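Asks: Structure incoming, see below.
There are 2 protein chains.
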Amino acid sequence: MKRIAIDMDDVMADTSVKIIQCINERVHSEYSYEGLITSSSEEKQAFYDIYMANNDFLWEPGFFADIPVKTDAVEVIQSLMDHYEIFIVSAATEFPNSLKEKLTWMNMHFPFISWKNIVFCGHKHMISADYLIDDHENNLKTFTGTPLLFTAPHNLHIQEYERVNSWLDVKSRLLS
Amino acid sequence: MKRIAIDMDDVMADTSVKIIQCINERVHSEYSYEGLITSSSEEKQAFYDIYMANNDFLWEPGFFADIPVKTDAVEVIQSLMDHYEIFIVSAATEFPNSLKEKLTWMNMHFPFISWKNIVFCGHKHMISADYLIDDHENNLKTFTGTPLLFTAPHNLHIQEYERVNSWLDVKSRLLS
């Protein structure tokens, strides 16, 4: 059975939606996920400059507890489990408060995935799998299997990887 | 640079010492680590039966916070880092309260190991490394590199793996 490693933030969870909401609260801006997706590269860079200077909320208790689930993620991942070994692999050890919250989030939204198949790490290059679905190039570029780039506002400019825009795209790619 | 994956409990941390202390408090027994090491297989089994029926303390906040560090672990792991890529790989996702405590413990005793090189997981068979130092056969038997069994009271009967009895043994094996 082939193995798929699946990232959490901006792949299973709409983390950018929560980040944009937190940034708007901190700096009284009016960014939106859809606006960021369609904005110019200069506008995106302006947002990420603000984000890098105001992202202390990532370390605060509660940030990761109530992030919305990506559309179709539950149904497609449940279907993938009939054909693949699934590991959830989240780069989370930078955020000590996130770890228990991410486990609780997984149990709430993906109760069919065992704690045995959840991995919290920093680097991902020691993960052995056939596929990695991730939104960050730095995780995909060191992966030894087939990388799949899950579309997020911060990766629209990247051309080097096969791209999936949604969980229905993942379903077509891996279950057809 | 070759990669070593190192388990935490009963390899870097004297977890069995803390477990024995907790069991003695719960059932008013007088077990000791040294006594358990030298006891018969029947006596060991009697202890592990009591342990399996009274190990709820593993899920309680605080259990993993103050476990003693194994003798020579700090110095030998620091030396290994000059010659190997080191990952700490702890089967911890079964214990949600342990995760932040284990990160804090690592920062306290092994501040030279980055969060980027710490992995909390359930299964370990998707970890790719050249060596795995672990006290549990179920982790070693699915490992694709060279397994090294770190001696603990519960694995003295296992003959199938190369054994290291201490961190000075690890130093001799990997730095000679």
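In order, the protein sequences belong to chains A and B. Counting with our numbering, you get residues 8 to 183 for the letters of the first sequence. Counting with our numbering, you get residues 8 to 183 for the letters of the second sequence. Beta carbons: idealized from backbone N, C-alpha and C, even for Gly. All values derive from a computational prediction rather than experimental measurement.
Measuring alpha carbon to alpha carbon, tell me which residue in ILE93/A, LYS109/A, GLU92/A is nearest THR100/A.
Replies: Measuring from the Cα of THR100/A, the nearest candidate turns out to be LYS109/A.
Asks: Work out the CA separation of ILE84/A and ILE140/A for me, nearest whole Å.
Replies: Near 12 angstroms, if we compare the C-alpha coordinates of ILE84/A and ILE140/A.
Asks: Have a look at MET8/B and HIS90/B and give me their C-alpha separation to the nearest angstrom.
Replies: Those two C-alpha atoms are separated by around 7 angstroms.
Asks: Thinking just about the alpha-carbon of each residue, which of MET88/A, MET133/A, ALA136/A is nearest to the one in PHE119/A?
Replies: Considering only alpha carbons, the answer is MET88/A.
Asks: Which residues does DSSP pair with PRO154/A in a beta bridge?
Replies: Answer by DSSP bridge pairing, in chain order: LEU139/A.
Asks: Does DSSP put ILE120/B in a helix, in a strand, or in coil?
Replies: If DSSP states are grouped into helix, strand and coil, ILE120/B belongs with coil.
Asks: Report the three-state DSSP secondary structure of SER97/A (helix, strand or coil).
Replies: Looking at SER97/A - three-state DSSP - the assignment turns out to be strand.
Asks: I want to verify the contact list: residues of chain A whose CB lies under 7 angstroms from the CB of TRP122/B, in sequence order.
Replies: Ordered by position in chain A, the residues that pass the 7 angstroms Cβ test against TRP122/B are THR100, GLU101, GLY129.
Asks: Three or more C-beta pairs closer than 8 angstroms, one from the segment 74 to 83 of chain B and one from the segment 29 to 40 of chain B: is that the case here?
Replies: At 8 angstroms Cβ cutoff, the stretches do not touch.
Asks: Any residues in the segment 145 to 174 of chain B with a beta carbon nearer than 8 angstroms to a beta carbon of chain A? Which ones, in chain order?
Replies: Residues THR151.
Asks: Please report the distance separating the alpha-carbon of MET59/A from that of ASN124/A.
Replies: Going by the C-alpha atoms only, they are around 31 angstroms apart.
Asks: Identify the continuous beta strand (DSSP E) that holds GLU169/B and give its terminal residues.
Replies: Per DSSP, GLU169/B belongs to the beta strand (DSSP E) from 169 to 171.
Asks: To the nearest whole angstrom, what separates the beta carbons of ILE95/A and ILE13/A, a pair I think is in contact under 8 angstroms?
Replies: The Cβ separation is near 5 angstroms, so the contact holds.
Asks: For PHE64/B, which residues from the same chain have a beta carbon less than 6 angstroms from its beta carbon, with the 5 sequence-adjacent residues on both sides left out?
Replies: Around PHE64/B: CYS29, PHE70.
Asks: Is it buried or exposed, MET19/A, if we count other Cβ atoms within 10 angstroms and call 16 or more buried?
Replies: The residue in question, MET19/A, is buried, as its Cβ has 16 or more Cβ neighbours within 10 Å.
Asks: Hey, out of GLU167/A, HIS164/A, THR158/A, GLN166/A, whose CA is closest to SER173/A's CA?
Replies: Answer by Cα proximity: THR158/A.
Asks: Using 10 angstroms around the beta-carbon of VAL21/B, count the other beta-carbons present and answer buried if the total reaches 16, otherwise exposed.
Replies: Before going on, a small fix: residue 21/B reads as Asp here, not Val. Buried.
Asks: Report all residues from its chain with a CB closer than 7 angstroms to the CB of HIS164/A; omit the five preceding and five following residues, and keep chain order.
Replies: Correct list, in chain order: SER48.
Asks: Among LEU43/A, SER135/A, VAL171/A, whose alpha-carbon lies nearest the alpha-carbon of ILE93/A?
Replies: Considering only alpha carbons, the answer is SER135/A.
Asks: Taking only beta carbons into account, state which residues of the segment 58 to 76 of chain A come closer than 7 angstroms to chain B, listed in chain order.
Replies: From the segment 58 to 76 of chain A, no residue has a Cβ closer than 7 angstroms to chain B.
Asks: On the three-state DSSP scale, how would you describe PHE127/B?
Replies: The answer is strand: DSSP assigns PHE127/B an E or B state.
Asks: Reducing DSSP to helix, strand and coil, say where VAL18/B ends up.
Replies: In the structure shown, VAL18/B sits in coil (DSSP, three-state: anything other than H, G, I, E or B).
Asks: Quick test of your reading: SER105/A and LEU182/A, contact by CB under 8 angstroms. State the CB separation rounded to the nearest angstrom.
Replies: 30 angstroms between Cβ atoms; not a contact.
Asks: Check for me: the beta strand (DSSP E) holding ILE11/B runs from which residue to which?
Replies: First-last of the beta strand (DSSP E) with ILE11/B: 10 to 13.
Asks: Would you check if the distance between the CB atom of GLY129/A and the CB atom of SER121/B is smaller than 8 angstroms?
Replies: Taking 8 angstroms as the Cβ cut-off, GLY129/A and SER121/B qualify as a contacting pair.
Asks: In whole angstroms, give me the CA-to-CA distance for GLU32/B and TRP66/A.
Replies: Answer to the nearest angstrom: the Cα atoms are 36 angstroms apart.
Asks: Could you tell me whether the Cβ of LEU110/B comes closer than 8 angstroms to any Cβ of chain A?
Replies: Closer than 8 angstroms: yes.
Asks: If you reduce the DSSP assignment to three classes, tell me which class ILE44/B lands in.
Replies: It is helical.
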